[in-house]
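K.L.:
Residue numbers for the sequence shown follow our numbering, so the first one is 35 and each next one is one higher.
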Amino acid sequence: MSPRGFAVVLPARYDSTRFPGKPLALVSGRPLIEWVFHAAARIKGARQVIVATDSPRILDAVKKFGGKVVLTSSEHRTGTDRVAEVAEQLDCEYIVNLQGDELIFPEGLVEKMVSQLINCPDTDIVTACHPIRRKKDLDNPNHVKVVIDASGKALYFSRSAIPHGAEKDGGSKKLFIAYRHIGIYAFRRSSLIEFASLPPTPLEISEGLEQLRALENGMEIRVVLSPKPTVGVDLPADIKIVEKALAGQYTGTLEKIDASCLDDSKGV
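1) Would alanine 46 and isoleucine 84 be called neighbours here (beta carbons separated by less than 7 Å)?
2) Please name the residue, chosen from Val258, Thr264 and Gly100, that lies closest to alanine 28 on a Cα-to-Cα basis.
3) Check whether the Cβ atoms of alanine 86 and threonine 112 lie closer than 7 Å to each other.
4) Return the residue from the list Lys97, Pro263 and Phe40 that minimises the CA-CA distance to arginine 168.
5) Is threonine 112 helix, strand or coil by DSSP?
6) Could you tell me which residues DSSP puts in a beta bridge with threonine 161?
7) If you follow the alpha helix (DSSP H) that proline 45 is part of, which residue opens it and which one closes it?
8) Quick one: complete beta strand (DSSP E) runs, 3+ long, within the stretch 63-125?
9) Please go through the same chain and pick out, in chain order, the residues whose beta-carbon is closer than 8 Å to the beta-carbon of alanine 188, but skip the five residues on each side of it.
10) Quick one, which of Arg81, Asn131, Asp125 and Val61 has its alpha-carbon nearest alanine 230's?
11) From leucine 44 to alanine 200, what distance separates their C-alpha atoms?
12) What would DSSP say about alanine 279, mapped onto helix, strand or coil?
13) Which residue wins for smallest C-alpha separation from glycine 100, given the options His72, Ala80, Glu109 and Leu124?
In structure tokens, the structure reads:
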């Protein structure tokens, strides 16, 4: 195998607290997980795309549209733990954890993340962020914020508005220094397996953010800046937003979906 090969794994859980059955929710007539799978299949350099699920219903749905799927344990605490189970069966050096509800993401973003991981041998994980342009997004606990040091390493992730004072414009109404975390991760396979072996940490439990487990254990996370936001489905109401985004550039071919329809100034 190429030492730089990578696989994309999509964790898909049926029993979501806020949106049960989300991966099978219909978006423009097709299951959400099918859209995400085909978007992932377009990532350049990906050796394979695999759905990781503990649900026989999701298993059957993925097989129906011809995707590769692995039935995992139902005991996993997080989606990343589920991805790690699949990673143990793969020979790729790098593993991308793409959320099973992350429907539209900028072209080239994942490739940029993997490249960063390859070029920074001391880095365990690479993730992404996008500038926050609206105060309501800064204050929204469902929008995770990240603060980064001068070299691009993550210092902290929080559901709170960090850094304090980010909403102050310093004379320019459009100036923001806050970043919203994009929940896509590129792992070294060894780091992913190590991460999954670690118990939950105090900050992880407090914030409800699994990436803090890595930081609390001294793992290095680098953050790349995304040129556009991503579009995913968190709640049932998001389905209409996603369908509207797709309608702007969807031509009938799942493989052609990308983030070109997004205008980040509108905060889609």
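Note that beta-carbon positions come from the ideal geometry of N, C-alpha and C, so glycine has one too.
P.N.:
In short:
1) Position 12 of the sequence shown, counting from 1, holds the residue named residue 46. Position 50 of the sequence shown, counting from 1, holds the residue named residue 84. No; because the gap between Cβ atoms is not below 7 Å, this pair is not in contact.
2) No answer is possible for residue 28: the residues shown for the chain start at 35 and end at 302.
3) Along the sequence shown, read from residue 1 onward, the residue named residue 86 stands at position 52. Along the sequence shown, read from residue 1 onward, the residue named residue 112 stands at position 78. Going by C-beta atoms, alanine 86 is not nearer than 7 Å to threonine 112.
4) Walking along the sequence shown from the start, residue 168 turns up at place 134. Cα-wise, what sits closest to arginine 168 is Pro263.
5) Taking the first residue of the sequence shown as position 1, residue 112 is located at position 78. Of the three classes helix, strand and coil, the one that applies to threonine 112 here is coil, per DSSP.
6) Start at 1 with the first residue of the sequence shown, and residue 161 comes out as number 127. In DSSP, threonine 161 forms a bridge with Val257.
7) If you number the sequence shown from 1, residue 45 lands on position 11. Run containing proline 45: none in the alpha helix (DSSP H); it sits in the beta strand (DSSP E), 40-46.
8) 80-87 and 102-105
9) To locate residue 188, count along the sequence shown from 1; it is residue 154. Within the same chain, alanine 188 has close Cβ partners Thr161, Val180, Val181, Ile182, Gln245, Leu249, Ile255, Arg256 and Val257.
10) In the sequence shown, counting from the first residue as 1, residue 230 sits at position 196. Alanine 230 has its Cα closest to that of Asn131, out of Arg81, Asn131, Asp125 and Val61.
11) Indexing the sequence shown from 1 puts residue 44 at position 10. Indexing the sequence shown from 1 puts residue 200 at position 166. Each residue's Cα considered, the two are about 33 Å apart.
12) The residue given as residue 279 occupies position 245 in the sequence shown. Helix.
13) Here residue 100 refers to the residue found at position 66 of the sequence shown. Among His72, Ala80, Glu109 and Leu124, the Cα nearest to that of glycine 100 belongs to His72.
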